[in-house]
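*Asks:* First the structure, then my questions, so here it is.
Number of protein chains: 2
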Amino acid sequence: MGSLMRRPTIMDIARAAGVSKGAVSYALNGRPGVSEETRERILGIARDLGWAPSTTARALSPGGRVGAIGMVVDRPAHALGVEPFFTQLLTGIETELASSDTDLILRVTDDAGAEADAYRRWAAERRVDGVIMVDLRIDDPRVALVEGLALPAVVLGGPGGTGALPCLYTDDASSVREVVRYLAALGHRRITRVAGPAEFLHTRDRTLAFEEATAGVGAAGDTVHADYTGESATRATRRLLALADRPTALVFDNDVMALAGLGVAHEMGVDVPSQLSIVAWDDSALCQLVRPSLTAVARDVVACGRQVAGMIAEAVGGAAPRSRETARGELQPRGSTGPLEP
Amino acid sequence: MGSLMRRPTIMDIARAAGVSKGAVSYALNGRPGVSEETRERILGIARDLGWAPSTTARALSPGGRVGAIGMVVDRPAHALGVEPFFTQLLTGIETELASSDTDLILRVTDDAGAEADAYRRWAAERRVDGVIMVDLRIDDPRVALVEGLALPAVVLGGPGGTGALPCLYTDDASSVREVVRYLAALGHRRITRVAGPAEFLHTRDRTLAFEEATAGVGAAGDTVHADYTGESATRATRRLLALADRPTALVFDNDVMALAGLGVAHEMGVDVPSQLSIVAWDDSALCQLVRPSLTAVARDVVACGRQVAGMIAEAVGGAAPRSRETARGELQPRGSTGPLEP
DNA sequence: CTCCCACGCTGAACCGGTTAAGCGAACAGC
DNA sequence: GCTGTTCGCTTAACCGGTTCAGCGTGGGAG
Chain A
690 MGSLMRRPTI MDIARAAGVS KGAVSYALNG RPGVSEETRE RILGIARDLG
740 WAPSTTARAL SPGGRVGAIG MVVDRPAHAL GVEPFFTQLL TGIETELASS
790 DTDLILRVTD DAGAEADAYR RWAAERRVDG VIMVDLRIDD PRVALVEGLA
840 LPAVVLGGPG GTGALPCLYT DDASSVREVV RYLAALGHRR ITRVAGPAEF
890 LHTRDRTLAF EEATAGVGAA GDTVHADYTG ESATRATRRL LALADRPTAL
940 VFDNDVMALA GLGVAHEMGV DVPSQLSIVA WDDSALCQLV RPSLTAVARD
990 VVACGRQVAG MIAEAVGGAA PRSRETARGE LQPRGSTGPL EP
Chain B
690 MGSLMRRPTI MDIARAAGVS KGAVSYALNG RPGVSEETRE RILGIARDLG
740 WAPSTTARAL SPGGRVGAIG MVVDRPAHAL GVEPFFTQLL TGIETELASS
790 DTDLILRVTD DAGAEADAYR RWAAERRVDG VIMVDLRIDD PRVALVEGLA
840 LPAVVLGGPG GTGALPCLYT DDASSVREVV RYLAALGHRR ITRVAGPAEF
890 LHTRDRTLAF EEATAGVGAA GDTVHADYTG ESATRATRRL LALADRPTAL
940 VFDNDVMALA GLGVAHEMGV DVPSQLSIVA WDDSALCQLV RPSLTAVARD
990 VVACGRQVAG MIAEAVGGAA PRSRETARGE LQPRGSTGPL EP
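Protein sequence lines, in the order shown, are assigned to chains A and B.
Those letters in the first sequence? Residues 690 to 1031, per the numbering used here, in order.
Those letters in the second sequence? Residues 690 to 1031, per the numbering used here, in order.
This is the structure we're talking about:
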């Protein structure tokens, strides 16, 4: 009864029950091969002994799971530093994975080559059962790579451009329309969007929808690109607000950039919202802490994380990959938007 | 060759080289037991075949590395959502681990029991080579648990209260003194600190240092506790600013709470900095994006992450555990602090 | 020439599970 | 009463590595 007891194995259970190793395995996995009576007895002993399966050993048998999902986040460190989106996504994924005793292996890289290497290594070493892919790019080479590795995967993004991989997508276009109509109704006719990097698929989708929607309400709808960091948004906003016919409304592709934009407006003496309206794409606590509070397109990112984790669990289980749609973002009007007051 | 080649095992290498399984193992692990010539040949074949070790199999036999470090973050989801600290730490850890092909296994839980379970399971199944412990509490039971599990570990926090575990600590006390002297020099005599949860060790250390420092300059130095979220700080700040003799300076234990405090001041018509000075403990891009920009105690959290990852790598390698000190936080004066103007 | 040891390698056990094959007993069908 | 089947379990191989004991060989020392 020492302090450093070896943890029980199925062999220990077998000895205690007076049966063979195999019988214990059948019993514990709910498979036929043992009588109901013996099964009960074995389960009881396992419980008494505090037995827990060794995923490591299980993974070794053909077709076994290793009990881990991989995710690579390929963003420059400074971009990741402040963005709530990522942390919220992580939280959602974790809560879902925890329920099935699955670990998340996370890798943060700052170049695409390292990301590809991670997938290759994970597949070769059987370190993960599947991967979650985020930040889908246009013609993303990772899709073919992961398909080639025969690694179960779910893409957060799309639809489209994900090959045969199932994806979890959002109807960004309708949220874009909602935002544009809302701003148009407030009287705005020069609306500029400070978007994320052009290579992201969802950036392009939003841009197309934005152009269509602004044209639809007879407004000028330009898009400039930044990289999700506050600094990049600060530069872009300074330039935009210095224009002769500066926009009267700005839509930022994330909350950090919107925050930066608000700061620049303040610094340049442009009042929000009487002279400039600001909309943030992702909502987070930040948007409500700042004054004026930021009107935002709120998505339940935590729920997204849960969903995508559920999907990868299914895919790992061998289910047919079926793409799903998340709840679309909803506009949360707050203090940073309003009618123009000359 | 076929599209779906089974990945090579050491047995395949052994066959190709005409030697035994054991010899291949010795050769690949750089251990004595094979001639230099044979080793070269085996390594060449392994390279040609594209062999990669199966961590799963390796973990099964006693004494092998699995190439993964575990970290549990036990904070309520909403608290984690916005805080840059965590993401920056993660980034630092990752950059360091990536250089040694080590994976990070991350678990986000919201109760201490689940955290303990994670350590136990990881240790029992040999899923990780070591763990990084954050958010050290007073009389933290995790220390004894992890020591008992004989799991290599490094604590981010301390010094003190970490038993025999090595830790990476910061001299918070001197930063506290710097902040208090700075505020006192500006004329502040009622300084209140909105701290993190009282159960964290670093919270207590800062509180003690704060009481001493404020007493030293003849100022009133109260501490109230919040939970690092914007909401909790909003409530606390509203209460504090409504007091008859309200504080003239507030020190918040993280950037998100400082942001919330700034919002409340604005909402209550208290001008920052002419009527109220605000200091944020951790610095981040947020502090510079907001107006007025927030005076902050800047620590290089990314560097902390790198350091702690380096330390756990050492500990896993069997090196003697030696605690280290990180660079202390430096005060970054910005727009949110200034002399009182009646 | 002999003895001993170091070297380089082999064979087999082992880690903790899963699973196919086999086997005796009970039981049903004809 | 004999055959065939099903049930309940055992045996043993297997997953992909690591590691220890053993063994033949060659070389140096005496």
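C-beta atoms are modelled at their ideal positions from N, C-alpha and C, and glycine is treated no differently.
Tell me which residue opens and which closes the beta strand (DSSP E) that residue 858/A is part of.
*Replies:* In the first sequence, the residue the question calls residue 858/A occupies position 169. It spans 856-858 - the beta strand (DSSP E) in which residue 858/A sits, taken as one unbroken run.
*Asks:* Between the alpha carbons of residue 985/B and residue 865/B, how many angstroms are there, rounded?
*Replies:* On the second sequence, position 296 is the one that residue 985/B refers to. On the second sequence, position 176 is the one that residue 865/B refers to. Going by the C-alpha atoms only, they are around 11 Å apart.
*Asks:* Of all the CB atoms in chain A, is at least one closer than 8 Å to the CB of residue 903/B?
*Replies:* Locating residue 903/B in the second sequence gives position 214, where the first residue counts as 1. No, its Cβ sits nowhere closer than 8 Å to a Cβ of chain A.
*Asks:* Decide if residue 876/A is buried, meaning its Cβ has at least 16 other Cβ atoms within 10 Å, or exposed.
*Replies:* In the first sequence, the residue the question calls residue 876/A occupies position 187. Flag for residue 876/A reads exposed.
*Asks:* Beta-carbon of residue 840/A versus every beta-carbon of chain B: anything under 8 Å?
*Replies:* Your numbering for residue 840/A matches position 151 in the first sequence. No, no contact with chain B.
*Asks:* Is the segment 841-851 of chain B touching the segment 992-1003 of chain B in the sense that three or more CB pairs, one from each, lie closer than 8 Å?
*Replies:* Yes, since at least three Cβ pairs between the segment 992-1003 of chain B and the segment 841-851 of chain B fall closer than 8 Å, the two stretches touch.
*Asks:* Does DSSP classify residue 964/A as helix, strand or coil?
*Replies:* One-based indexing of the first sequence puts residue 964/A at position 275. Residue 964/A falls in the coil class under three-state DSSP.
*Asks:* Given that residue 899/A touches chain B, what residues does it touch there, using C-beta distances under 7 Å?
*Replies:* Taking the first residue of the first sequence as 1, we reach residue 899/A at position 210. Here the premise fails: no neighbours, minimum Cβ distance about 24 Å.
*Asks:* May I ask you to list, following chain order, the residues of the segment 784-798 of chain A that have a beta carbon less than 9 Å from some beta carbon of chain B?
*Replies:* Going along the segment 784-798 of chain A in chain order, one finds 784, 786, 787, 790, 792, 793, 794, 795, 796, 797 and 798 with a Cβ nearer than 9 Å to chain B.
*Asks:* What residues from chain B crowd round residue 955/A, counting only those whose CB sits closer than 7 Å?
*Replies:* As a working mapping, residue 955/A is identified with position 266 in the first sequence. What residue 955/A touches in chain B: 980.
*Asks:* Within 10 angstroms of its Cβ, does residue 814/A collect 16 or more other Cβ (buried), or is it exposed?
*Replies:* Here the question's residue 814/A lines up with position 125 in the first sequence. That one is buried.
*Asks:* Only counting the same chain, and skipping five residues up and downstream in sequence, which positions put a Cβ closer than 6 Å to that of residue 950/B?
*Replies:* Within the second sequence, the letter at position 261 stands for residue 950/B. Only 922, 926, 939, 941 and 967 meet the Cβ criterion.
*Asks:* In chain A, what lies closer than 7 Å to residue 744/B by C-beta?
*Replies:* Taking the first residue of the second sequence as 1, we reach residue 744/B at position 55. Those are 814 and 816, listed as they occur along chain A.
*Asks:* If you follow the beta strand (DSSP E) that residue 915/A is part of, which residue opens it and which one closes it?
*Replies:* Start at 1 with the first residue of the first sequence, and residue 915/A comes out as number 226. Note, residue 915/A: premise wrong, no beta strand (DSSP E); not H, not E.
*Asks:* Alpha carbon to alpha carbon, what distance is there between residue 945/B and residue 953/B?
*Replies:* Start at 1 with the first residue of the second sequence, and residue 953/B comes out as number 264. Start at 1 with the first residue of the second sequence, and residue 945/B comes out as number 256. Approximately 13 Å between the Cα atoms of the pair.
*Asks:* What residue does the beta strand (DSSP E) around residue 796/B start on, and which one ends it?
*Replies:* Translated into the one-based positions of the second sequence, residue 796/B becomes position 107. 792-798 is the span of the beta strand (DSSP E), which, as asked, contains residue 796/B.
*Asks:* For residue 773/A, count neighbouring C-beta atoms within 10 Å of its own C-beta (all shown protein chains included) and say buried if the count is 16 or more, exposed if not.
*Replies:* Position 84 of the first sequence holds residue 773/A. By the 10 Å Cβ count, residue 773/A comes out buried.
*Asks:* Below 9 Å on C-beta distance, what does residue 965/B contact in chain A?
*Replies:* The residue labelled residue 965/B in the question sits at position 276 within the second sequence. Here the premise fails: no neighbours, minimum Cβ distance about 14 Å.
*Asks:* For residue 696/A, go through chain B and note every residue whose CB falls closer than 7 Å to its CB, in chain order.
*Replies:* Here residue 696/A refers to the residue found at position 7 when the first sequence is read from its first residue. Result: 813.
*Asks:* So, does the CB of residue 850/A fall closer than 8 Å to a CB anywhere in chain B?
*Replies:* The residue labelled residue 850/A in the question sits at position 161 within the first sequence. No, its Cβ sits nowhere closer than 8 Å to a Cβ of chain B.
*Asks:* Tell me whether residue 1000/B sits in a helix, a strand or coil according to DSSP, three-state version.
*Replies:* Translated into the one-based positions of the second sequence, residue 1000/B becomes position 311. Here residue 1000/B sits in helix by DSSP.
*Asks:* Can you grab the Cα-Cα spacing for the pair residue 983/B / residue 915/A, in whole Å?
*Replies:* As a position in the second sequence, residue 983/B is number 294, starting the count at 1. As a position in the first sequence, residue 915/A is number 226, starting the count at 1. Distance between the alpha carbons of residue 983/B and residue 915/A is about 24 Å.
*Asks:* Under 8 Å Cβ to Cβ from residue 762/B, same chain only, skipping five residues before and after it: list those, please.
*Replies:* Position 73 of the second sequence, counting from 1, holds the residue named residue 762/B. Taken in chain order, the residues that qualify are 769, 775, 795, 796, 797, 798, 823 and 824.
*Asks:* Considering only the alpha carbon of each residue, which of 759/A, 993/A, 936/A and 777/A lies closest to residue 764/B?
*Replies:* Working through the second sequence from its first residue, we reach residue 764/B at position 75. Considering only alpha carbons, the answer is 777/A.
*Asks:* Any idea if residue 718/A is buried or exposed, counting beta-carbon neighbours within 10 angstroms, 16 or more meaning buried?
*Replies:* Stepping through the first sequence from its first residue, residue 718/A is reached at position 29. Per the 10 Å Cβ criterion, exposed.
*Asks:* What does residue 958/B reach in chain A if we use C-beta pairs closer than 9 Å?
*Replies:* Working through the second sequence from its first residue, we reach residue 958/B at position 269. Simply none; closest approach about 11 Å.
*Asks:* Using a 10 Å radius around the Cβ and a threshold of 16 neighbouring Cβ atoms, would you call residue 800/B buried or exposed?
*Replies:* As a working note, residue 800/B is residue 111 in the second sequence. By the neighbour-count rule (16 or more Cβ atoms within 10 Å), residue 800/B is not buried but exposed.
*Asks:* Label residue 969/A either buried or exposed according to how many other C-beta atoms from any shown protein chain fall within 10 Å of its C-beta, with 16 as the threshold for buried.
*Replies:* On the first sequence, position 280 is the one that residue 969/A refers to. By the 10 Å Cβ count, residue 969/A comes out buried.
*Asks:* Whose Cβ in chain A lies nearer than 8 Å to the Cβ of residue 984/B?
*Replies:* Start at 1 with the first residue of the second sequence, and residue 984/B comes out as number 295. The premise fails here: residue 984/B is roughly 15 Å from chain A at the closest Cβ pair, so nothing lies under 8 Å.
*Asks:* Please report the straight-line C-alpha distance between residue 980/A and residue 802/A, rounded to a whole angstrom.
*Replies:* Taking the first residue of the first sequence as position 1, residue 980/A is located at position 291. Taking the first residue of the first sequence as position 1, residue 802/A is located at position 113. Answer to the nearest angstrom: the Cα atoms are 41 Å apart.
*Asks:* So the candidates are 957/A, 892/A and 723/A; which of them puts its Cα closest to the Cα of residue 943/A?
*Replies:* Translated into positions along the first sequence, residue 943/A becomes position 254. Cα-wise, what sits closest to residue 943/A is 892/A.
*Asks:* According to DSSP, is residue 690/B helix, strand or coil?
*Replies:* For the purposes of this step, residue 690/B is identified with residue 1 of the second sequence, where counting begins at 1. For residue 690/B, the predicted structure reports a pLDDT of 37, less than 50, and the residue's modelled location is therefore unreliable. A value from the coordinates is still provided. Reduced to three states, the DSSP call for residue 690/B is coil.
*Asks:* So the alpha helix (DSSP H) residue 704/B belongs to, where does it begin and stop?
*Replies:* Here residue 704/B refers to the residue found at position 15 of the second sequence. Note, residue 704/B: alpha helix (DSSP H), 699-706.
*Asks:* Whose C-beta lies closer than 8 Å to the C-beta of residue 817/A among residues of the same chain, with five residues either side of it excluded?
*Replies:* Taking the first residue of the first sequence as 1, we reach residue 817/A at position 128. Cβ neighbours of residue 817/A beyond the five flanking positions: 755, 757, 758, 759, 794, 811 and 840.
*Asks:* Using the beta-carbon count (16 or more within 10 Å), is residue 932/B buried or exposed?
*Replies:* Residue mapping note: residue 932/B aligns to position 243 of the second sequence, counting from 1. Residue 932/B comes out exposed.
*Asks:* Inspect the beta-carbon positions of residue 918/A and residue 909/A and report whether they are closer than 8 Å.
*Replies:* Walking along the first sequence from the start, residue 918/A turns up at place 229. Walking along the first sequence from the start, residue 909/A turns up at place 220. Cβ atoms of residue 918/A and residue 909/A: not closer than 8 Å.
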